[in-house]
Structure formats: C-alpha cells, structure tokens
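Numbering follows the numbering used here, with no gaps: position 74 of the sequence shown is 86.
We put the CB at the ideal spot given by N, CA and C, even for glycine.
The structure under discussion appears below in the form of structure tokens.
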Amino acid sequence: MADAIVAASRTLPKQGGYGGLVTAPEKSRVTVYWKGRVPAAVRRAADSDRRVKVSVERAPYTQRQLRTARDRVFAQRAHLPEKLTSVGPGADGKGLLIGVAPADRETALSGRETASLTRSVADITGGIAITRVRTENPQAATGKSPKGAVRAAGRAGEQAFGGARWVYPGPGGTYNCSTGFAVRYPNGARLMASAAHCGEQYVKAHSPEFPDSRPFGWIGERDTERDINLLYPEQWSNPGFFQSRMWWGPWAYGGGNQQTWPVKGLHQNHVGQKVCSSGAASGNICDITIDATEQTVVTNSGTIYRTIKVSKPAGQPIWGPGDSGGPISQPNGSDVYANGIVSSSNKAAFPAGCQGDTDRNCASVGWYAPLDIYLEKHGLELVTE
C-alpha cells in the first residue's frame, strides 16, 4: 500500500504535495501527509487495498521542500552554532530532524542551545522548523579482527551468502565486515554488496579461515555517498559464486541453527516498518523500527546521503562492530526481501548490550543504506531466487 501511494505521487510534477507517510503495520494503517488537495491518482492508490486503513493529514511542507532544506542546511553547516551530524525530513512533512555532536555535554541540548540552533536553521531554510534535535556520534560498524586464522564454518566460512563474515587488511591490522546481498549488472556476473567503508578499492576480501591467503573476492566499485561497495569474485571463471540467499540464525561463531534463506525481492523503506539486521557479528536481530528516511549523516568514515534511520527501545541492540555491510531485510516465512545494507550506529549516545559477540559496544540507534536507491543509481539488479 505505501509503495503504491509513493508510486502514484511520483507520477505528479515534482511529486505533487506529498509530504511523507507513516506506516503502522500492526494496525494495518498508513497515514499520508499531503500539502494541498490530494489528487485522484493518489486517492485511488490509497483505496487499492481495503484491508489497509489510510488516513490523510495536512503537511506544512512537501518532501521535496524538506529535501531541498536538508541539502541547504548541510551545505551551510559551518554557520550553525552546533556541529551537525545528521539532517533530513520528518515523515510528517512538518520540518527537519537534526542531529548534533555531543561535544563535552553529557545530556541533550539546553533550551537556549536548541533555540539558537532553530533560529540558525530557519535563517538558512527560509523559516522551515526543526521538529526534533538529538545529540549523536555516528560510527561505522566495522570490527577489528584477531590476528591469525580462526575456525570458519557457516557465516564465518561461506561468503557466497549474505550475512557472512569477511575480513580485509587495513591500517594497523585486519578488520571484519559482513556480506550483504548478491547483485549484478544486467546479464553480468554476480557481485556482492557490502559497506563502502570496509576497505579500499582493489583490496582483497578473505574468509577468517584464510586472512592472509586464498581470497574469495576483491573490492570493486565503492559508492562512498551511499556507503555501499561491490565485492567481485576472485575466480572470474565462476561468475555465479555469490548466491541469492542470506544467512539466518546465530552469529558467525554462535553455533546453533544457522540456515540460508532465499532472497525473493526488493522492498522500499517507510517510516514505521519493522526490519531485521543479519550481520555476522550479531546474527539476526528483528523488530527494528524505521524512524526516518532520506537522512544525511556524518560518520567517522565520511558523509552518507539518503540513509534510513532506525532504532530499538533503549538498551536493545540493532547491530554493532563487525556487522557493517550486512543485510537489512523483511522476512516472510522463511523467505526474505531486501531493504538495505548496515552502515553505522550511535553507540556513544544510545549504547546497548550486544547480541552474538558480546565483546563489543553496540547501539540501539543507527543508519543503513537503502538498497533500492543504490541499485537504481547504478543500473544494478538484485539477484533473487
């Protein structure tokens, strides 16, 4: 339903008055925010599934206006009284969501600091409001790997599937990331999407069992603006090496019932939806809520655009170091639908105990890269079963 409404809005000049939408899957409800009169095409889309209740509320701004405001604020962030870490539109069309660096403070901004930031943003955007401000410290979810080879099986030994652990050489040692989803250029070999902050171009990708030899692939194109890279198979004579399946179950060394589930399709991302992460260091974590879309976020590895912001209740993890590049999906039975790639988290401001490998610091708030936007940008397609 949400996809149909968004698709209908995109048939309108400049996406019409679309301000955003919020889903409530548990209630079979979608709330659409619209500036002005809702066109007939959008109303038809909203009525296309009677099982879902759709309501419409007034939006002061369109998503297009808010995305323009987002880009202006980011471009002029040096003029803000606080160090900007993220900015993007709210899903209700009422204003911008802002994240700022914590600096030396232990708490949120004071009323005076918030008022000063609000005035500065309004000066840049021509009066668009801030609807929420949070202190943040976004960090890439890359893990440091122990020296030497380690036992490899399941997620740790079979990198042909999404959610497997892979290692690469970096400054001062070897680092862990996770595989995401198999993709390809039309009629091309299968590649594996992971996180762009996991290694430099042409660096070899290894299994933890062979961290210094026998690579299974190498890093090809890196889209740092989306934080997604492409892993190419080391043996070019095996173009079907990467598979249309992903690991589901415990973390890489958690034993138990590790399974591979088929990837059946691609999903868009909407506020209110629940998704699951499946990084190699954490295993499956579900009931992660999408809080915002189209967010620009500044991490310790660079600026990432059009990200999806997610969270779980305080103290509950979404992912952690070593999960970077792993798949974000929505399961349907034992099938999965691809949503995105694990990017970064806010473990300083929103710490959480870790699932899987507990010798880490994890977070209850983070960001991932939407796969649909990346695939469209580069002319790629998801490999499905």
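Tell me the DSSP secondary structure of Gly184 in three-state form. coil
Alpha-carbon spacing of Pro72 relative to Lys47, whole angstroms: 6 Å
Determine the DSSP secondary structure at Val179, reduced to helix, strand or coil. strand
Can you tell me the Cα-Cα spacing of Arg63 and Pro37, whole angstroms? 11 Å
What residue from Lys39, Val18 and Asp59 has the CA that sits closest to Tyr45's CA? Val18
Decide yes or no for the touch test of the segment 300-314 against the segment 247-260: beta carbon pairs closer than 8 Å, at least 3 of them. no
Enumerate in chain order the residues of its own chain whose CB-to-CB distance from Gly268 is below 7 Å, with the five nearest sequence positions on each side excluded. Gly261 and Pro262
What three-state label does DSSP hand Lys324 in the structure shown? coil
Look at the Cβ atom of Thr311, then the Cβ atom of Ser356, and state whether they are nearer than 8 Å. yes
Boundaries (first-last residue) of the beta strand (DSSP E) holding Thr130: No beta strand (DSSP E) contains Thr130, which is instead part of the alpha helix (DSSP H) from Gly123 to Thr137.
Comparing alpha-carbon positions, which option in Ala360, Ser341 and Ala208 lies nearest Gly314? Ala208
Note down the Cα distance separating Thr236 from Gln255, rounded to an integer number of angstroms. 24 Å
Would you mind reading off the limits of the alpha helix (DSSP H) that contains Leu383? Leu383 to His390
With three or more C-beta pairs closer than 8 Å as the rule, is the segment 167-176 touching the segment 130-145? no
Taking only the alpha-carbon atoms, compute the straight-line gap between Cys366 and Ser294 and give it to the nearest angstrom. 7 Å
State the start and end residues of the unbroken beta strand (DSSP E) segment that holds Ala16. Looking at the DSSP string, Ala16 is not in any beta strand (DSSP E); the run it does join, the alpha helix (DSSP H), is Ala14 to Ser21.
Kindly indicate the opening and closing residues of the beta strand (DSSP E) around Arg41. Arg41 to Trp46
Below 7 Å CB to CB, which residues in the same chain sit around Glu397 once its five sequence neighbours on both sides are set aside? Ser256, Arg257, Pro274, Val275 and Lys276
Rounding to the nearest angstrom, what Cα-Cα distance links Asn358 and Gly138 in this structure? 30 Å
For my contact list, Thr97 and Val309 are in at a C-beta cut-off of 8 Å; report their separation, rounded to the angstrom. 7 Å
Could you spell out the range, first to last residue, of the beta strand (DSSP E) harbouring Arg70? Lys65 to Arg70
Close-in-space but distant-in-sequence residues of the same chain around Ser128 (CB under 6 Å, 5 per side omitted): Pro93
Who pairs with Trp248 in a beta bridge, going by DSSP? Note: Trp248 sits in no beta bridge, so no partner.
Shortest alpha-carbon distance to Gln4 belongs to which of Asn199, Val50 and Ala120? Residue coverage of the chain in this structure runs from 13 to 397, which leaves residue 4 outside it and unanswerable.
Report the rounded CA-to-CA distance for Gly111 versus Arg146, giving the unit in angstroms. 5 Å
Are there any heavy atoms of the ligand HEM lying less than 7 Å away from the beta-carbon of Asp347, as far as the coordinates show? You won't find the ligand HEM in this model; it holds no ligand whatsoever.
Would you call Ser336 buried or exposed, if buried means 16 or more other Cβ atoms sit within 10 Å of its Cβ? buried
Taking C-beta to C-beta, are Gly155 and Pro25 nearer than 8 Å? no
Going straight from the alpha carbon of Arg238 to that of Thr305, what length do you get? 13 Å
Taking only the alpha-carbon atoms, compute the straight-line gap between His390 and Thr319 and give it to the nearest angstrom. 16 Å
In angstroms, rounded to a whole number, what distance separates the CA positions of Phe3 and Pro339? Past the edges of the chain, shown from 13 to 397, lies residue 3, and the structure says nothing about it.
Opposite Ile349 in the DSSP bridges: which residues? Checking the sequence shown, residue 349 turns out to be Tyr, not Ile. BP columns for Tyr349 point to Gly277 and Gln342.
Considering only residues of the same chain and omitting the five flanking positions on each side of Phe173, which have a CB-CB separation below 6 Å? Gln255, Arg257, Met258, Trp259 and Thr272
Own chain, CB closer than 6 Å to Gly29, minus 5 neighbours either side, in chain order: Trp46, Lys47, Gly48 and Thr74
Mind checking which residues open and close the alpha helix (DSSP H) that includes Asp83? Gln75 to Ala87
Under 7 Å Cβ to Cβ from Ala364, same chain only, skipping five residues before and after it: list those, please. Gly327, Gln328, Pro329, Cys374, Ala375 and Ser376
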